[in-house]
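A short write-up of the structure that comes next.
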Amino acid sequence: MIAQTSGQPEQEQSSLATESLNPATIAKIKNLAKNDLYFFAKAILGYDWLVPHIHGPLCRLLMDKTKNRKKITLPRGWLKSTVVTISYPIWCAINDPNIRVLLLQNTSTNACKKLASIRSHFEDNDLFRALFPELLPDNNCIWKKDAIQVKRSKSHPEATFEAAGTRNKVVSRHYDLIIEDDTVAPDLDDLTADNVIPSKNDIETAIGTHRLVYPLLTDFKKEVIVVGTRWFELDLLSWMTENEPYYASIERACRESIDAETGESRSDPEGKITYPERFDSDVLEQLAIAMGPYLFSCLFMNKPVRSCDMMFKQDWIQYYSTAPQNLMIYTTVDPAGDPSETKTNPDFNVVMTCGKHIYTGHIYVLEYFRERCNPGDLIHAIFKHVRKYKPIKVAIEAIQYQKALQYFVRERMRKENLYFSVEGLHYSKRSKEARITGLQPVFGAKLISIREHHHQLESELLSFPLGRNDDIIDALSMQTGLWALTRTLTESEDNDTKDDPFNVTAIIKEIEKEKSGLNERPGSSRGLLSRVPNTYVSPLIFGD
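Quick look at the structure:
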């Protein structure tokens, strides 16, 4: 629960010398700022990267009070949060100081960072403070990390601006404006080349949170805005398109063409560059290389790969929390080489440990190590997995093992007096892609489970074969041969029964079938006798 008061001292008046501006000029600028969101965001708040042909239509949609449901889909880096989540709430407050706004993001940390940007304008933006001194907080105003309040004429339990994550429980609070900003996104603040896509749980949480925001409105006709970037075909934005078509929407991409039938712009990898001021052809080319085709298509073209074109479907992903007993455990290692020996970014070294249940045959991904590291760190990771899981066998890609690791692994065994079975895996002529494709029937049959925090593994599966990285799933594919060679108890019993006609279990089962009339004819033992010579048959078993 957010506190009702704060010890924030009254803010000092701005040092901006307003004497040079006469009251009429100040009133004119103030009136223009209150009536034009684009002018306010660029001229007063100082967001210089805004351009009329991209952000003008966005600002007009936000200012349109006849539409209370708005969905905005823009590429990464297009300043959508700058306009929608920072500028627009402040603009609403200068027009109505009694407004209550909730900022929702994937985590409360990220939501509070957006709130910090709003807060900075009240504390440090001299021009804003000079134009709107009546809003600056005093000692009676809430002024915290997750809630800030401007001077207002009404008393509300909620602050002017509050921040929360999708996993926070917001109860007994009501708002005039709710903004859901990138609620479907990895728990990362900045996009990096090694970023992962959201998990199935992330998407389900975002959709569930969205469906529960409406009771938080002071009036159902109050405003809800959803702003984001596409991460996956079946994400929140696609769910809204299918289930909430009444949302007014804007959707743009870094390259677009005009649809001949509708006359509307659409995402097109060969189309015209739409935001050349910030994303010209050179920048887009670099981003495509750095992000890989899957993430680039999602984040900058707003065009996720269709599920029918995906090798691994999201609903195939199974989770578990606690690994069961009775697992046959294997560790596979995919070495990438020493990063100091290459001028480019090397692949990741991966140590993958999985267990196959001895009764059900279900596979559990127990743990994996994934780092760009030297051979010493990789060997340390191998021994850590061996100590923790005691695998039946450690299998290492043969060429790299013989070239770089064999001597050091043996020396480490001798030094620590810890010996285990190591096998060098020799790949056939199949490509890496073909090996990874071999995992498809296992996941398709839902015979493998991962932990919820295995985001990198899930990301590589869902973006394959277009993803930038596939080191983890390659190490996982190395285990398929080990799983195939390891029969469960059920498989062993079935095979033993088939292979040995004198197996007691087989004889008893066949007797039971004959007694139930399931063999060739009731009371007949011909089915069993056809397999077993008469000299081996006891009259005590079959009678006359």
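Going by the working numbering, the sequence shown wraps up at 692, each residue one higher than the last.
From the three backbone atoms N, C-alpha and C, an ideal C-beta is built for every residue, glycine too.
Inset, instruction - Look at the Cβ atom of Gly509, then the Cβ atom of Leu595, and state whether they are nearer than 8 Å. - result: In contact: Gly509 and Leu595 (Cβ atoms closer than 8 Å).
Legend entry - Residue span of the alpha helix (DSSP H) that contains Asp329, given as start and end: Taken as a continuous stretch (DSSP letters only), Asp329 belongs to no alpha helix (DSSP H), being part of the beta strand (DSSP E) at Leu325 to Asp329.
Legend entry - Given Thr501 as reference, the closest of Leu630, Tyr567 and Asp244 once Cα atoms are compared: Leu630
Legend entry - According to DSSP, residues forming a beta bridge with Asp182: Reading the sequence as shown, one finds Lys at residue 182 and not Asp. The partner list for Lys182 (beta bridge, DSSP) is empty, contrary to what the question assumes.
Legend entry - First through last residue of the beta strand (DSSP E) which encompasses Ile598: Ile596 to Ile598
Inset, instruction - Alpha carbon to alpha carbon, how far is Arg359 from Val590? Give it in angstroms, no decimals. - result: So the two alpha carbons sit approximately 34 Å from each other.
Legend entry - Local conformation of Thr422 per DSSP, three classes: coil
Inset, instruction - Please classify Pro346: is it buried, with 16 or more other beta-carbons within 10 angstroms of its beta-carbon, or exposed? - result: buried
Legend entry - As assigned by DSSP and simplified to three states, the class of Ser386: helix
Inset, instruction - State the CB to CB distance for the pair Lys370 and Asp324, rounded to an integer number of angstroms; the pair is presumed to be in contact (CB under 8 Å). - result: Their Cβ separation, rounded to whole angstroms, is 5 Å, which keeps Lys370 and Asp324 in contact under 8 Å.
Inset, instruction - Report yes or no: do three or more beta-carbon pairs, one from the region 253-271 and one from the region 311-319, lie closer than 8 Å? - result: Inter-segment contact for the region 253-271 and the region 311-319 is present: three or more beta-carbon pairs are separated by less than 8 Å.
Legend entry - Top-ranked residue by Cα proximity to Thr357, from Asp196, Gly419, Asp330 and Thr377: Asp330
Inset, instruction - Measure the C-alpha to C-alpha separation of His528 and Gly572 and round it to an integer number of angstroms. - result: 18 Å
Legend entry - Coil, strand or helix - Lys370 by DSSP: coil
Inset, instruction - Can you give me the Cβ contacts of Ile421 inside the same chain, cut-off strictly under 8 Å, excluding the 5 residues immediately before and after it? - result: Cys402, Arg403, Phe427, Asp428, Ser429 and Leu432
Legend entry - Exposed unless 16 or more other CB atoms sit within 10 angstroms - verdict on Asp618: buried
Legend entry - For Asp482, the residue or residues it bridges with in DSSP: Val498
Inset, instruction - Give me the Cα-Cα distance between Leu252 and Arg208, rounded to the nearest whole angstrom. - result: 22 Å
Legend entry - For Met561, the three-state DSSP class (helix, strand or coil): helix
Inset, instruction - Taking 8 Å as the cut-off, decide whether the C-beta atoms of Tyr395 and Lys219 are in contact. - result: Closer than 8 Å, so yes.
Inset, instruction - Just the C-alpha distance for Pro670 and Tyr507, rounded to the nearest angstrom, thanks. - result: Only weak support exists for where Pro670 lies, its pLDDT of 41 falling under 50; the value from the coordinates is given anyway. Cα-Cα distance, rounded: 34 Å.
Inset, instruction - Please say whether Met449 and Gln588 have beta carbons closer to each other than 8 Å? - result: No, Cβ-Cβ distance for Gln588 and Met449 is not below 8 Å.
Inset, instruction - Flag this pair as yes or no: are the beta carbons of Ile620 and Ile584 separated by less than 8 Å? - result: no
Legend entry - Cα-Cα separation between Lys536 and Glu608, rounded to whole angstroms: 25 Å
Legend entry - Status (buried if at least 16 other CB within 10 Å, exposed otherwise) for Ser235: buried
Inset, instruction - Output the boundary residues of the alpha helix (DSSP H) element that contains Ile544. - result: Unbroken run through Ile544 is the beta strand (DSSP E), Lys541 to Glu545; no alpha helix (DSSP H).
Legend entry - Inter-stretch contact (C-beta, 8 Å, three-pair minimum) for the region 265-275 and the region 199-216: no
Inset, instruction - Count the other C-beta atoms from every protein chain shown that fall within 10 angstroms of the C-beta of Arg558, then say buried if there are 16 or more, exposed otherwise. - result: exposed
Legend entry - Glu310 - partner residues in DSSP beta bridges: Leu250 and Ala295
Inset, instruction - Specify the secondary structure class of Phe690 as computed by DSSP and reduced to three states. - result: Reliability of the predicted coordinates at Phe690 is poor, the pLDDT of 32 falling under 50, and no value is obtained from them.
Legend entry - Helix, strand or coil at Val361 according to DSSP, with G and I counted as helix: coil
Inset, instruction - Using a threshold of 8 Å, state whether the C-beta atoms of Val374 and Met388 are closer than that. - result: yes
Inset, instruction - Drop a sphere of 10 angstroms on the beta-carbon of Asp286, count the other beta-carbons inside from all chains shown, and report buried for 16 or more, exposed for fewer. - result: exposed
Legend entry - Three-state secondary structure (DSSP) of Met449: Look at Met449 here: in three-state DSSP terms it is coil, with no helix or strand label.
Legend entry - Residues near His574 in its chain [Cβ-Cβ closer than 6 Å; skip 5 each side]: Ala546
Inset, instruction - In the DSSP assignment, find the alpha helix (DSSP H) that holds Arg267 and state where it starts and stops. - result: Ser256 to Asp272
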